[in-house]
Amino acid sequence: MNSFSEILSRNSQLLEPIATDQPAELKTLPEIRAVLFDIYGTLLVSGSGDVGTAMEMTKGDALEAAWEASGIQSKVPAEEMIARFYEVIQDDHKIATKRGTSYPEVVIEEIWEKVFDAPLRCGQIELPCDFDMKLFALEFETRVNPVWPMPGLREVIGALQQQDYTLGIISNAQYFTPKIVETFLDSTLEENGFKPENCFFSYEHRVAKPGTDLYVAAAKSLADQQIEARHTLYVGNDMLNDIQPASQIGMKTALFAGDRRSLRLRKDDARMLPIHPDVTLTRLSDILACLPR
Numbered sequence: 290m291n292s293f294s295e296i297l298s299r300n301s302q303l304l305e306p307i308a309t310d311q312p313a314e315l316k317t318l319p320e321i322r323a324v325l326f327d328i329y330g331t332l333l334v335s336g337s338g339d340v341g342t343a344m345e346m347t348k349g350d351a352l353e354a355a356w357e358a359s360g361i362q363s364k365v366p367a368e369e370m371i372a373r374f375y376e377v378i379q380d381d382h383k384i385a386t387k388r389g390t391s392y393p394e395v396v397i398e399e400i401w402e403k404v405f406d407a408p409l410r411c412g413q414i415e416l417p418c419d420f421d422m423k424l425f426a427l428e429f430e431t432r433v434n435p436v437w438p439m440p441g442l443r444e445v446i447g448a449l450q451q452q453d454y455t456l457g458i459i460s461n462a463q464y465f466t467p468k469i470v471e472t473f474l475d476s477t478l479e480e481n482g483f484k485p486e487n488c489f490f491s492y493e494h495r496v497a498k499p500g501t502d503l504y505v506a507a508a509k510s511l512a513d514q515q516i517e518a519r520h521t522l523y524v525g526n527d528m529l530n531d532i533q534p535a536s537q538i539g540m541k542t543a544l545f546a547g548d549r550r551s552l553r554l555r556k557d558d559a560r561m562l563p564i565h566p567d568v569t570l571t572r573l574s575d576i577l578a579c580l581p582r
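Heads up, the sequence shown is in my numbering, so the first residue is 290 and it goes up one at a time.
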């Protein structure tokens, strides 16, 4: 199979953010010591808006293309496999919910293994000898949710790192998500100031946003570094998934309203509380104008 970098390079192309009607609301936020980010729609331009949304938009032709690129021979119609894909995710969520997880997250390669299981046993699917389920998942994901660095990504992260801000991530994600960011940054997350103890990805914890679990875990990690939640700025594009839970645990919040594809105001969502972000950004570089130097 192709390597991670080959798959990402082949399936990536320039994506420009689409301007929104949301005005910027900028002000200095004193005493900020840590800046945490969402990924899809914030650090990355996302063709479908989010990793979860991508799954809802999937079509059989994307699966067929991923099969071909991965060397898979299938006698099962792609649409049938896609339907099974959704069923397995729903079943996984139901099991986790019964165990008490309000917002469960799947591990995507495990889902595909379950989807492939019966067809493999029946001889309806043949896999090449070098098949890697994780790389297949990437082949599929990069077709249904193409991504590209948000304008200013490297410059903003570099400036924050130079100014000694503690950096972190809280994101709905799969194994490939941090690797994609690293590829676009041309270096590891840690080399860009994102220490592992400050990065919280939903697939690793099997819980997702808008639940507060990942935010609570991040706040605890920062507290161990003598950084209080009120001295932390969280940046995200979704009022429900990002701004509300971060606000609930005492973080300052920045709504990133730089791309119409991914901006989620959630005005009609009954789960939304009357919460307003501390600042609203229309460019990633607006962050720098809101932080003490």
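Note that CB positions come from ideal geometry on N, CA and C, so glycine has one too.
Since this is a predicted model, take the numbers as computed values, not measurements.
{"Asked": "By Cβ distance, which residues of its chain are closer than 7 Å to serine 536, with the 5 residues on each side in sequence left out?", "Found": "Thr542, Ile564"}
{"Asked": "Assuming leucine 552 contacts proline 566 under a Cβ cut-off of 8 Å, what Cβ separation, rounded to an integer in Å, is found between them?", "Found": "With 8 Å as the limit, leucine 552 and proline 566 do not qualify as a contact, their Cβ atoms being about 12 Å apart."}
{"Asked": "Within 10 Å of its beta-carbon, does threonine 331 have 16 or more other beta-carbons around it, so buried, or fewer, so exposed?", "Found": "buried"}
{"Asked": "Based on DSSP bridge pairs, tell me the residues matched to tyrosine 523.", "Found": "Leu325, Thr542"}
{"Asked": "Under the three-state reduction of DSSP, which class applies to phenylalanine 490: helix, strand or coil?", "Found": "strand"}
{"Asked": "Pick out whichever of Arg549, Leu416, Ile384, Gly457 has its Cα sitting closest to the Cα of proline 485.", "Found": "Gly457"}
{"Asked": "For the beta strand (DSSP E) that contains proline 438, what are its first and last residues?", "Found": "436-438"}
{"Asked": "Under DSSP, the alpha helix (DSSP H) around isoleucine 459 begins and ends at which residues?", "Found": "Unbroken run through isoleucine 459 is the beta strand (DSSP E), 455-460; no alpha helix (DSSP H)."}
{"Asked": "Output the boundary residues of the alpha helix (DSSP H) element that contains valine 505.", "Found": "502-513"}
{"Asked": "DSSP state of threonine 431, grouped into three classes?", "Found": "helix"}
{"Asked": "Who are the Cβ neighbours of phenylalanine 293 in its own chain at under 7 Å, not counting the five residues just before and after it?", "Found": "Leu424, Leu427, Lys468"}
{"Asked": "Do you know offhand how far threonine 342's Cα is from phenylalanine 420's?", "Found": "Because threonine 342 carries a pLDDT of 49, less than 50, the predicted location of this residue cannot be relied on, and the following value inherits that uncertainty. If I take the Cα positions, the gap works out to 27 Å."}
{"Asked": "Bridge partners for valine 568 per DSSP, in chain order?", "Found": "Ala543"}
{"Asked": "With distances taken between CB atoms, is the gap from serine 337 to asparagine 461 smaller than 8 Å?", "Found": "no"}
{"Asked": "Since I believe isoleucine 538 is in contact with tyrosine 504 (beta carbons under 8 Å), could you give me their beta-carbon distance rounded to a whole number of angstroms?", "Found": "5 Å"}
{"Asked": "What would DSSP say about valine 377, mapped onto helix, strand or coil?", "Found": "helix"}
{"Asked": "On the DSSP letters alone, give me the boundaries of the beta strand (DSSP E) that serine 335 sits inside.", "Found": "333-335"}
{"Asked": "Among all the DSSP beta bridges, which residues are the ones paired with lysine 553?", "Found": "The question names lysine, but residue 553 in the sequence shown is arginine. For arginine 553, which the question treats as bridged, DSSP gives the partners Asp527."}
{"Asked": "Residues in the same chain with beta-carbon distance under 8 Å from isoleucine 371, minus the five sequence neighbours each way, listed in chain order, please.", "Found": "Thr347, Lys348, Gly349, Leu352"}
{"Asked": "Identify the continuous alpha helix (DSSP H) that holds glutamate 409 and give its terminal residues.", "Found": "According to the sequence shown, residue 409 is leucine rather than glutamate. Note, leucine 409: alpha helix (DSSP H), 397-410."}
{"Asked": "Cα-Cα, which of Lys383, Gln362, Ile397, Glu394 is closest to glutamine 413?", "Found": "Gln362"}
{"Asked": "Can you name the start and end residues of the alpha helix (DSSP H) that arginine 299 belongs to?", "Found": "293-299"}
{"Asked": "Using beta-carbon positions only, say whether proline 366 and valine 334 come within less than 8 Å of one another.", "Found": "no"}
{"Asked": "Sort out for me which residues DSSP pairs valine 496 with in a bridge.", "Found": "Pro393"}
{"Asked": "Short of 7 Å in beta carbon distance, which residues of its chain neighbour glutamine 533, apart from the five on each side in sequence? Order them along the chain.", "Found": "Pro499, Met561, Leu562, Ile564"}
{"Asked": "Checking 8 Å against the spacing of the C-beta atoms, do isoleucine 516 and threonine 455 come in under that value?", "Found": "yes"}
{"Asked": "Do glutamate 398 and threonine 569 count as a contact pair if the criterion is CB distance below 8 Å?", "Found": "no"}
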